[in-house]
Each structure stands twice: as structure tokens, then as C-alpha cells.
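Sequential numbering from 14 applies to the sequence shown in my numbering.
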Amino acid sequence: MRDSATIVCNNAPKVALIPSEEAPPVTDVSQSLSLAEALCARLCHDLSGILAALTGVLEIAAEEQSGNETITIATDTAVELGERLKLLRAAWGPPTDDLDITRLATYGTGLAAGRRIALDLAALETGTVFPPAEGRVVLNLLLLAAEALPGGGTITLSGSPATEVRVVIAGPRAAWPAAVGPLLSDEAAARQAVTGNPRNIQAPLTALLASAHGFCLSMPTAISPTVPPPLVLTLFSS
14 MRDSATIVCN
24 NAPKVALIPS
34 EEAPPVTDVS
44 QSLSLAEALC
54 ARLCHDLSGI
64 LAALTGVLEI
74 AAEEQSGNET
84 ITIATDTAVE
94 LGERLKLLRA
104 AWGPPTDDLD
114 ITRLATYGTG
124 LAAGRRIALD
134 LAALETGTVF
144 PPAEGRVVLN
154 LLLLAAEALP
164 GGGTITLSGS
174 PATEVRVVIA
184 GPRAAWPAAV
194 GPLLSDEAAA
204 RQAVTGNPRN
214 IQAPLTALLA
224 SAHGFCLSMP
234 TAISPTVPPP
244 LVLTLFSS
């Protein structure tokens with residue numbers, strides 16, 4: 014018997030690896046974003062299938078062992094993770110569907126990530142529907158706003174798809190990341206920032222997505238040092 018660790022498949026197709034100095038760099042932002050979208054969609058799809066199976070098992074266990082706090086917590090956590098994956102798939106994957114207020118509220122349940130974050134949509138115009146590209150940028154704005162609320166709080170969305178959308182944050186430690194301002198007006202800085210710490214990817218990604226779709230992001234001057242200014246998404250071709 015041959016040792017399986019030493020088997021050599023002589024008929025296997027050969028794969029040539031191009032040295033990094035010969036490989037053409039990916040410099041086009043839209044091409045890079047398309048690759049990231051495809052990877053995100055595939056990853057969320059694979060994880061969602063595994064998570065759905067796990068959630069089903071936990072729900073059955075919860076019924077059979079009613080009152081078991083450990084199983085209850087595990088089930089709630091699995092459900093929360095499922096909502097998070099749905100949000101990330103919609104925000105980071107390819108834009109495919111319109112985003113109405115009902116769907117926006119549903120995705121909002123994935124914002125918490127262990128924190129108490131409320132999404133206030135009351136100021137949006139009745140019947141608001143964002144086309145796919147606009148909706149995806151709005152979802153990324155919500156993810157950025159959630160990161161700006163480390164102590165929890167409220168994200169308020171107002172405006173109209175025909176003009177502009179305003180995102181306002183309020184909470185005990187509400188504060189936009191210090192680098193957000195420069196990234197909004199400097200695409201080169203946003204490109205550079207995406208190669209930095211992955212924990213800080215949301216701000217430059219949001220700026221690049223808005224720019225790629227022809228939208229404008231801005232941040233008015235703060236009225237008070239203790240009140241974060243709104244983030245404004247102007248929906249027109251730049």
C-alpha cells in the first residue's frame with residue numbers, strides 16, 4: 014500500500030504562477046469592487062447555509078429543553094449572526110434589488126453586532142424606494158454609522174432618493190471616525206486607506222462605492238463639539 018501523502022498525480026493539469034513583478038496590478042476601482050462583491054456574495058452564501066443548519070438544530074434543542082438558558086443564548090446569537098450576514102450580503106455584494114423602507118428596517122436588525130443600536134426611519138418620505146445602487150450605498154452608510162456608536166445609540170435616516178439622504182448618529186460616545194472627512198473628498202486617500210487596517214475598511218469602502226456610482230458624500234461643519242454632524246449623501250451624477 015502506498016502512503017497517500019506521497020502520491021504524485023503525473024496527469025494533473027499544471028498551474029503556472031506568474032511572479033508578482035510580472036502580474037499586472039489591478040488599478041481600476043470598479044474592477045476591484047466587482048471582485049470584492051463576488052467574493053462577499055460567495056462567502057455569505059456558504060456561511061448562510063451552514064448557519065441555517067445550525068440555527069435549525071438549536072431551535073429544536075430549545076424546544077426539547079425549554080428553559081435551558083445556554084441553548085436560548087446560542088439560538089439568539091445564531092439568529093443575530095444570520096441577520097448580520099443578510100445585511101453584509103446586501104451592502105457588500107452586487108447591487109440587485111430595490112430597497113424600500115420595510116426591507117431597510119429588516120436589514121437594520123443586523124446593525125447591532127452586540128450593541129444596542131436603533132434605526133429611526135420615521136423621517137424618510139412615505140413610499141421611499143432606493144434603486145439598487147443607491148440602496149447599497151445607504152446600507153454602507155448605516156454600517157459606518159453603527160461603527161460610530163461604540164456605546165450604542167440611534168441612527169436616524171432622513172431625506173429622499175430624488176435629492177439627498179442624511180444620516181445622523183446620537184449616543185453616549187457617538188463620533189464619526191477621524192479620517193472620514195478627508196476620505197469623502199479624496200478618492201486617492203480612500204484607495205490608500207483600503208489597504209490599511211481591515212478594521213477600518215468601512216469608511217473608505219463607503220466613499221469608494223459612492224464615488225463609483227456617481228454620488229457625492231459630504232459632512233457639514235459640526236455645530237457643537239459634542240454633537241456629531243450628519244453625513245450627507247447627495248444623489249446626483251458627479
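Glycine included, each C-beta is placed from N, C-alpha and C at the ideal position.
Checklist entry - Does DSSP put A192 in a helix, a strand or coil? => result Position 179 of the sequence shown, counted from the start, is the residue given in the question as residue 192. In this structure, A192 counts as coil in the three-state DSSP scheme.
Checklist entry - So is P108 buried or exposed if we call it buried at 16+ other beta carbons inside 10 Å? => result Numbered from its first residue, the sequence shown carries residue 108 at position 95. Under this definition P108 is a buried residue.
Checklist entry - Among the residues of its own chain, which have a CB less than 7 Å from the CB of C57, if the five just before and after it don't count? => result Within the sequence shown, numbered from 1, the residue matching residue 57 stands at position 44. Only L98, L101, R102 and G106 meet the Cβ criterion.
Item to check | Rounded separation between A159 and A75 - CA only | outcome: By one-based count along the sequence shown, residue 159 stands at place 146. By one-based count along the sequence shown, residue 75 stands at place 62. Roughly 31 Å between the two C-alpha positions.
Checklist entry - Do the CB positions of I130 and G172 come within less than 8 Å of each other? => result On the sequence shown, position 117 is the one that residue 130 refers to. On the sequence shown, position 159 is the one that residue 172 refers to. No, they are not a contact pair.
Checklist entry - Among G184, G123 and G194, which one has its Cα closest to the Cα of L155? => result To locate residue 155, count along the sequence shown from 1; it is residue 142. The candidate whose alpha carbon is nearest that of L155 is G123.
Item to check | Collapsed DSSP secondary structure at I214 in the structure displayed | outcome: The sequence position of residue 214 within the sequence shown is 201, counting from 1. In the structure shown, I214 sits in coil (DSSP, three-state: anything other than H, G, I, E or B).
Checklist entry - For T208, does the count of other Cβ atoms within 10 angstroms reach 16, so buried, or fall short, so exposed? => result Numbered from 1 along the sequence shown, position 195 holds the residue referred to as residue 208. The residue is exposed, with fewer than 16 neighbouring Cβ atoms inside 10 Å.
Checklist entry - Residue range of the beta strand (DSSP E) that A131 falls in? => result Here residue 131 refers to the residue found at position 118 of the sequence shown. That run of the beta strand (DSSP E) goes I130 to D133.
Checklist entry - Candidates G184, P217 and W189: which alpha carbon is nearest S198's? => result Along the sequence shown, one-based indexing puts residue 198 at 185. Looking at the Cα atoms, P217 is the closest of the given residues.
Item to check | Cβ-Cβ distance between I86 and Q78 below 8 Å | outcome: Looking up residue 86 in the sequence shown gives position 73. Looking up residue 78 in the sequence shown gives position 65. Against a cut-off of 8 Å, the Cβ pair of Q78 and I86 comes out as no contact.
Checklist entry - Going by beta carbon distance, what residues of the same chain come within less than 8 Å of L46, once the five residues before and after it are set aside? => result Counting from one through the sequence shown, the residue named residue 46 turns up at place 33. Hits under 8 Å: L221, L222 and A225.
Checklist entry - For T167, does the three-state DSSP call read helix, strand or coil? => result Taking the sequence shown and counting its residues from 1, one reaches residue 167 at position 154. In the structure shown, T167 sits in a strand (DSSP, three-state: E or B).
Checklist entry - Considering only C-alpha positions, which residue in the set P144, P241 and A118 is nearest to A135? => result As a position in the sequence shown, residue 135 is number 122, starting the count at 1. For A135, the nearest C-alpha among the options comes from A118.
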